[in-house]
Each structure stands twice: as structure tokens, then as C-alpha cells.
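Here the sequence shown stands for residues 0 to 153, where the numbers follow numbering that gives the first Met the number 0. Below is one structure, written out as C-alpha cells; comments come after it.
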Amino acid sequence: MLVREIMTPDPITVSEDTTVQDAARLLVQYRITGLPVKNQAGKIVGIVSEADIFSKRGATVGDVMTRAVISITPDTTVEIVSHLLTDHRIRRVPVMDGDTLLGIVSRADIVRMMTMYWLCEVCGEAIRGEHAPEHCSKCGADSTYVHAMQAPGM
0 MLVREIMTPD
10 PITVSEDTTV
20 QDAARLLVQY
30 RITGLPVKNQ
40 AGKIVGIVSE
50 ADIFSKRGAT
60 VGDVMTRAVI
70 SITPDTTVEI
80 VSHLLTDHRI
90 RRVPVMDGDT
100 LLGIVSRADI
110 VRMMTMYWLC
120 EVCGEAIRGE
130 HAPEHCSKCG
140 ADSTYVHAMQ
150 APGM
């Protein structure tokens with residue numbers, strides 16, 4: 000599965016001169032744990048997280064943000080992203096097309112993907128992911144999938 004299938008498109012961003020207090024309000028309001036940070040030219044220059052906000056001193060996002068940003072493309076596999084998040088002990092990565100921010104993938108997006116699947120109404124084939132495939136890979140039926148949530152312990 001590719002990142003483009005599970006990413007949150009058009010994420011909320013802040014600028015370097017956003018106050019720490021305003022960034023904190025956005026995190027609470029949208030129930031997220033981090034925000035990509037853009038400079039005046041619109042380029043991603045960092046990420047500000049909950050941890051940055053409460054563990055560092057500064058008045059603006061530019062003062063407290065993490066500047067070393069690991070990013071991925073929409074064609075990166077979810078498996079690779081899982082390893083990046085784990086190996087680098089980070090919670091989210093921006094999805095980029097060159098200098099353009101397309102989305103963001105967080106640990107929560109991957110966990111959500113793991114619990115969702117689609118069942119082919121013709122043959123019963125189960126496919127994980129947030130979006131139904133156009134054709135069943137097992138029986139070839141067109142758009143016959145129904146959405147299901149995986150039961151605990153399955």
C-alpha cells in the first residue's frame with residue numbers, strides 16, 4: 000500500500016512567526032500532535048510538535064520547532080514509512096512532491112489503516128486500506144467491495 004492511500008491531504012500548517020500559544024491552540028483544536036512549519040516562501044522548514052512546545056523555550060514556532068525534517072513522497076510504501084517512524088522515533092512525516100506539501104502521514108494513520116478493510120461481495124476477498132480497489136484481485140469483479148471494520152482479535 001502506498002502513502003497516497005492513507006495520508007491526510009492538505010494538512011494544517013503554521014509559519015515560523017506563529018506564536019507558540021497559537022500553535023498549541025491549533026494542536027488542541029484539531030486534536031493533532033504536530034504541524035508542518037512553512038517559511039515566508041511557503042517551503043517546509045520544520046515541524047512543531049507537542050513535545051517541542053512544552054519542552055523548549057521560545058515565543059514563536061521558529062524558536063522551538065524541529066528543523067531536521069524527514070519527508071516522503073506519495074509513492075513511498077506504508078511499510079517504509081512504518082520503519083522511518085519507528086527507527087527515527089518520530090510521530091509524523093510530511094508527504095512532499097518536490098517543495099510542495101501534499102499531505103502528512105502519522106502513526107495514527109497507519110494504525111487506522113491496519114483496522115480497516117474491504118470485503119468483495121462476490122468472493123469474500125478481504126483487502127486492507129482506506130479505499131476500496133476498483134477490481135477484486137481474486138475474482139476480478141468490479142467495485143463490489145463493502146467497507147468493514149476489523150473486529151478485535153482478528
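Just so you know, even glycine gets a beta-carbon here, dropped at the ideal spot from N, CA and C. As the structure is a prediction and not an experimental result, all values here were calculated from the model.
Check your understanding: By Cβ distance below 6 Å, which residues in the same chain neighbour valine 121 in space, the five residues on each side in sequence not counted?
Key -> Along the sequence shown, one-based indexing puts residue 121 at 122. Once the five neighbours on either side are set aside, the close Cβ partners of valine 121 are Cys138, Ala140, Thr143.
Review point. Under the DSSP definition of a beta bridge, which residues are partnered with glycine 45?
Key: What you label residue 45 is simply residue 46 of the sequence shown in a count that begins at 1. Looking at the DSSP assignment, glycine 45 forms a beta bridge with Val36.
Practice item. Rank Gln20, Arg3, Arg111, Ile11 by C-alpha distance to the C-alpha of alanine 58 and give the top, closest one. Key: As a working note, residue 58 is residue 59 in the sequence shown. Of Gln20, Arg3, Arg111, Ile11, the residue nearest in Cα terms is Gln20.
Point to revise | Rounded straight-line distance, which links the Cα of isoleucine 46 to that of arginine 91 | key: Your numbering for residue 91 matches position 92 in the sequence shown. Your numbering for residue 46 matches position 47 in the sequence shown. If you take the alpha carbons of arginine 91 and isoleucine 46, they lie about 9 Å apart.
Review point. Among Thr75, Glu133, Met113, which residue has its Cα nearest to the Cα of aspartate 96?
Key: Here residue 96 corresponds to residue number 97 of the sequence shown, with the count starting at 1. For aspartate 96, the nearest C-alpha among the options comes from Thr75.
**Study point:** Residue range of the unbroken alpha helix (DSSP H) whose run includes alanine 58
**Key:** Indexing the sequence shown from 1 puts residue 58 at position 59. Careful: alanine 58 lies outside any alpha helix (DSSP H) and carries neither H nor E.
Exercise for review: Please confirm whether valine 110 and leucine 101 have their CB atoms less than 8 Å apart.
Suggested key: For the purposes of this step, residue 110 is identified with residue 111 of the sequence shown, where counting begins at 1. For the purposes of this step, residue 101 is identified with residue 102 of the sequence shown, where counting begins at 1. With a cutoff of 8 Å on beta-carbon distance, valine 110 and leucine 101 are scored as not near each other.
Review point. Could you give the distance in angstroms between the alpha-carbon of aspartate 207 and the alpha-carbon of lysine 37?
Key: Since the first and last residues shown for the chain are 0 and 153, residue 207 lies out of range.
Exercise for review: Taking all protein chains shown into account, decide if proline 8 is buried (16 or more other Cβ within 10 angstroms of its Cβ) or exposed.
Suggested key: As a first step, residue 8 is located in the sequence shown; it is residue number 9 there, counting from the start. Exposed.
Exercise for review: Can you say whether alanine 22 is buried or exposed, counting buried as having 16 or more other CB atoms within 10 angstroms of its CB?
Suggested key: As a first step, residue 22 is located in the sequence shown; it is residue number 23 there, counting from the start. Its Cβ being crowded by 16 or more others within 10 Å, alanine 22 is buried.
Point to revise | Distance, glutamine 39 Cα to alanine 150 Cα | key: Working through the sequence shown from its first residue, we reach residue 150 at position 151. Working through the sequence shown from its first residue, we reach residue 39 at position 40. Because the pLDDT at alanine 150 is just 44, under 50, the model does not fix this residue reliably, and the value given afterwards should be weighed accordingly. Cα atoms of alanine 150 and glutamine 39: separation of roughly 46 Å, rounded to the nearest angstrom.
Practice item. Can you tell me which of Met64, Val44, Val145 puts its alpha carbon nearest to the alpha carbon of phenylalanine 53? Key: Residue numbering aside, residue 53 sits at position 54 when the sequence shown is read from its first letter. Relative to the Cα of phenylalanine 53, the nearest Cα in the group Met64, Val44, Val145 belongs to Met64.
Practice item. Helix, strand or coil for arginine 3, going by three-state DSSP, please let me know. Key: On the sequence shown, residue 3 is found 4 positions in, with the first residue counted as 1. Here DSSP, grouped into helix, strand and coil, assigns arginine 3 to helix.
Check your understanding: Under 8 Å between the Cβ atoms of alanine 174 and tyrosine 116?
Key -> Residue 174 lies beyond the residue range present for the chain, which begins at 0 and ends at 153; the question has no answer from this structure.
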